[in-house]
Amino acid sequence: MKIDIQQLIPTHLHQPSQIASKARLLVFIMLAVWFLSLTILILYFTLISTPLVNIIVVTALALMITILWGYFKISGNLVITSHIFLFLSLIDINFSIITSGGINSLDLIWMLVVPCGGFLLLNNRVGLFWGVVCSCNTLVYVIIAYHYPKLLPIPKPDPINNLFTVLMGIIVIISTIYYYVKQNKAYSLAITQKNKQLLQVQEEISYQNEEIKAQRDFIMQKNEALEKRDRQISSSIKAAKVIQTAILPSEQKMQQMLKDYFLIYRPKDVVSGDFYWLNEINGVIFLATVDCTGHGVPGAFMSMIGNTLLDRIIRLKKITDPSKVLQQLHQEVYQTLHQTETQNNYGMDMSLLAFTRDKSHCNIQFCGAKSSLYYYNPQNQQMGVIKGDRKSIGGYQPESVYFQTQDMTLPIGGLIFLSSDGIVDQNNVKRKRFGTKRMKESLLASIDLPMAQQKNNLENTIDAYMQDTTQRDDMLMIGMKL
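Residue numbers for the sequence shown, in the working numbering: 1 to 482.
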């Protein structure tokens, strides 16, 4: 019958280690002593005549070892279990020595087993401790032999018992040494395998570290390239903003021509797809607000194209009828962007105003491409609207489109408002548009205030509406008091 020592030790000591090896050795020795006790009991009942007390002691030892193994299996405490086992062994050896003649007993040789067990099961310090205990124990027997010779019985010659004692001692010692060497070999083999595994893991980790380092260096190079490109793009966008700002009408020019006005100009990005244009030709002031397709850089390019084309059409070609201006602008956008060939959809929505003032009235010509003119007449105190044509400039349309100029007269003191769709299309956190109605109500609420105050109130209303959300599009509005 083969006994698996591994199953007799605590579960947490199953992994290969020096402590696990000593735990297996302890269980092996306890089994050896247990089987030796069982063998002695069998001999006592069959071949060897012995007093009843010897049978009781051997039986008690076997029982105590069984209980001790149960304690070790549950607690897993190698130190306490080893000390208790060595103590029980010493008690049993002393009983055997006392009953077999003290200093003259062959069982005295078993004293060597206890310190050897301390060395094997725990460490050198424990082995030395039990060596001192056993030496003192032996010294007691020497003192008794010289000073109290009659205290212990004189051993009777018993060749069979003596031979059995010697043989059992040799067997136990050889078995223990063999098992200890075997355990050390198994432990060394396990350690070697573990070291090989650790070496493989280290090599794999080293390889992975090299891969990670290579990836890190690659990513750093890419990041540096991206940062450099980002700086170049940012620099280009800043330059584009400078250029775009330069082509817009100056504040001085706006003040000179429009007099009492406000301007709300909020690009969604650094540069804007919305722009405004202002000029005076032969006493007629032309004011345009333009919303180009897209925002950011694409919108900014379109705004520069639109600004250049308006200069060419109105200032150089002297086309002054707003509808003719929009028609010509559509054709030139269509041709400039080669929309017949490329079929791109870039274009613009705009409002164009041409007006003159006298002492009491302001004569206005308006034309819109998907854009409307809002006005306030102080005589009837109502906000009105002139809607533009429902067609854009450029994009998916025929090369020739037609717009309509609408005329109106407002008294001095009236107000007009031109705007892109960025304000009315702005959503709140519930994704609901600001809307034309809310814009008109906001303008009417401040209509009697100075233009600067009207601007502040409208911007505050817009900011409150878009709280906790982001700007959706470029915003542009010009308000002017006639």
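Every residue gets a Cβ at the ideal spot worked out from N, C-alpha and C, and that includes glycine.
Quick caveat: nothing in here was measured; it's all calculated off a predicted structure.
- Query: On the three-state DSSP scale, how would you describe E399?
  - Reply: Taking the first residue of the sequence shown as position 1, residue 399 is located at position 399. Three-state result, E399: coil.
- How should R216 be labelled, buried or exposed, when 16 other C-beta atoms within 10 angstroms of its C-beta is the threshold for buried? Your numbering for residue 216 matches position 216 in the sequence shown. By the 10 Å Cβ count, R216 comes out exposed.
- Specify the secondary structure class of N377 as computed by DSSP and reduced to three states. By 1-based counting over the sequence shown, the position of residue 377 is 377. Three-state result, N377: strand.
- Query: Is the beta carbon of S37 less than 7 Å from the beta carbon of L68?
  - Reply: Here the question's residue 37 lines up with position 37 in the sequence shown. Here the question's residue 68 lines up with position 68 in the sequence shown. Contact: no.
- Identify, in the order they occur along the chain, each residue of the same chain with its Cβ nearer than 6 Å to the Cβ of D474, setting aside the five sequence neighbours on each side. Locating residue 474 in the sequence shown gives position 474, counting from the first residue. Excluding residues up to 5 positions away in sequence, P267, K268, S272, G273, D274, H295, G422 lie with their Cβ nearer than 6 Å to the Cβ of D474 in the same chain.
- Is the region 347–364 touching the region 401–420 in the sense that three or more CB pairs, one from each, lie closer than 8 Å? yes
- Item | Selected residue, minimal CA-CA separation from T289, among L78, L25, G479 | Locating residue 289 in the sequence shown gives position 289, counting from the first residue. For T289, the nearest C-alpha among the options comes from G479.
- Contact under 7 Å by Cβ, G388 with L482: Translated into positions along the sequence shown, residue 388 becomes position 388. Translated into positions along the sequence shown, residue 482 becomes position 482. No.
- Query: Can you tell me where the alpha helix (DSSP H) with K22 in it begins and where it stops?
  - Reply: Start at 1 with the first residue of the sequence shown, and residue 22 comes out as number 22. It spans 18–46 - the alpha helix (DSSP H) in which K22 sits, taken as one unbroken run.
- Task: Identify every run of the alpha helix (DSSP H) within the region 302–378, keeping only runs that are complete inside it and at least 4 residues long; order them along the chain.
- Result: 322–336, 339–342
- N195 to T470, Cα distance in whole Å? For this step, residue 195 is matched to residue 195 along the sequence shown. For this step, residue 470 is matched to residue 470 along the sequence shown. Going by the C-alpha atoms only, they are around 60 Å apart.
- Message: For C134 and F119, I'd like the C-alpha separation in whole angstroms.
- Response: Position 134 of the sequence shown, counted from the first residue, corresponds to residue 134. Position 119 of the sequence shown, counted from the first residue, corresponds to residue 119. Approximately 14 Å between the Cα atoms of the pair.
- Closest Cα partner of A300 within the set L287, L248, Q328: Position 300 of the sequence shown, counted from the start, is the residue given in the question as residue 300. Here the closest residue by C-alpha is L248.
- Query: Taking all protein chains shown into account, do 16 or more other C-beta atoms lie within 10 angstroms of the C-beta of Q335, making it buried, or fewer, making it exposed?
  - Reply: Mapped onto the sequence shown, residue 335 falls at position 335. Exposed: under 16 other Cβ atoms inside 10 Å.
- Message: Let me make sure I understand the geometry here. Which of T293, I219, Y402 has the alpha-carbon closest to that of G347?
- Response: Translated into the one-based positions of the sequence shown, residue 347 becomes position 347. Minimum Cα distance to G347 is reached at T293.
- When the Cβ atoms of the region 350–358 are set against those of the region 318–327, are three or more pairs found closer than 8 Å? yes
- Counted within 10 angstroms of its Cβ, other Cβ atoms place Y276 as buried (16 or more) or exposed: Numbered from 1 along the sequence shown, position 276 holds the residue referred to as residue 276. With a threshold of 16 other beta carbon atoms within 10 Å, Y276 meets it and is buried.
- Item | Length of the line joining the Cα atoms of I416 and V385 | Working through the sequence shown from its first residue, we reach residue 416 at position 416. Working through the sequence shown from its first residue, we reach residue 385 at position 385. Straight-line Cα distance between these residues: approximately 9 Å.
- Item | Counterpart residues of S419 in DSSP-defined beta bridges | For this step, residue 419 is matched to residue 419 along the sequence shown. According to DSSP, S419 bridges with M477.
- Query: Using DSSP with H/G/I as helix, E/B as strand and the rest coil, what is Y148?
  - Reply: Taking the sequence shown and counting its residues from 1, one reaches residue 148 at position 148. The answer is coil: DSSP assigns Y148 none of H, G, I, E or B.
- Message: Quick check on DSSP: helix, strand or coil for L410?
- Response: Translated into positions along the sequence shown, residue 410 becomes position 410. Strand.
- Query: What is the DSSP secondary structure of Q404, counted as helix, strand or coil?
  - Reply: For the purposes of this step, residue 404 is taken as the residue at position 404 of the sequence shown. Coil at Q404, not helix or strand.
- Separation of N124 from A23, as counted between CA atoms: As a first step, residue 23 must be located in the sequence shown, where it is residue number 23. As a first step, residue 124 must be located in the sequence shown, where it is residue number 124. Their Cα atoms are separated by approximately 16 Å.
- Message: Taking the alpha carbon of Q467 as the reference point, which residue from K430, I447, Y376, V297 has its own alpha carbon closest?
- Response: Counted from its first residue, the sequence shown places residue 467 at position 467. Selected option, being the one with the closest Cα: K430.
- Message: According to DSSP, simplified to helix, strand and coil, what is F119?
- Response: Here residue 119 refers to the residue found at position 119 when the sequence shown is read from its first residue. The answer is helix: DSSP assigns F119 an H, G or I state.
- Return yes when the Cβ of I65 is within less than 7 Å of the Cβ of W34, no when it is not. Residue mapping note: residue 34 aligns to position 34 of the sequence shown, counting from 1. Residue mapping note: residue 65 aligns to position 65 of the sequence shown, counting from 1. It is a contact, given that the beta carbons lie within the stated cut-off.
- Starting from the C-beta of G395, find all residues in its chain whose C-beta is less than 6 Å away, skip the five residues before and the five after it, and write them out in chain order. Translated into the one-based positions of the sequence shown, residue 395 becomes position 395. If we look at G395 and ignore the five residues flanking it on each side, its Cβ neighbours are N345, G347.
- Which stretch, first to last residue, makes up the beta strand (DSSP E) that contains T289? Counted from its first residue, the sequence shown places residue 289 at position 289. Counting along the chain, the beta strand (DSSP E) containing T289 begins and ends at 284–292.
- Item | Span separating the alpha-carbon of Y141 from that of Q202 | Numbered from 1 along the sequence shown, position 141 holds the residue referred to as residue 141. Numbered from 1 along the sequence shown, position 202 holds the residue referred to as residue 202. Distance between the alpha carbons of Y141 and Q202: 60 Å.
- Task: With a 10 Å radius around its C-beta and 16 neighbouring C-beta atoms as the bar for buried, classify D425 as buried or exposed.
- Result: Position 425 of the sequence shown holds residue 425. Exposed: under 16 other Cβ atoms inside 10 Å.
- Go ahead and label C136 buried or exposed: buried means 16 or more other beta carbons lie within 10 angstroms of its beta carbon, across all protein chains shown. The residue you call residue 136 lines up with position 136 of the sequence shown. A residue is called buried when at least 16 other Cβ atoms come within 10 angstroms of its Cβ; C136 does not meet this threshold and is exposed.
- Query: Just reading off the alpha helix (DSSP H) that M383 is part of, what are its end residues?
  - Reply: Taking the sequence shown and counting its residues from 1, one reaches residue 383 at position 383. It is not in any alpha helix (DSSP H) - M383 instead sits in the beta strand (DSSP E) that spans 382–387.
- Message: Quick check: V113 and W130, are their CB atoms within less than 7 Å of each other?
- Response: The residue you call residue 113 lines up with position 113 of the sequence shown. The residue you call residue 130 lines up with position 130 of the sequence shown. Going by C-beta atoms, V113 is not nearer than 7 Å to W130.
- Which of helix, strand or coil DSSP assigns to G394: As a position in the sequence shown, residue 394 is number 394, starting the count at 1. Strand, per DSSP.
- Pick out whichever of L316, K391, K259, Q343 has its Cα sitting closest to the Cα of D349. In the sequence shown, residue 349 corresponds to position 349, counting from 1. For the residues L316, K391, K259, Q343, the minimum Cα distance to D349 belongs to K391.
- Under the three-state reduction of DSSP, which class applies to D468: helix, strand or coil? Along the sequence shown, read from residue 1 onward, the residue named residue 468 stands at position 468. Note: D468 maps to coil in three-state DSSP.
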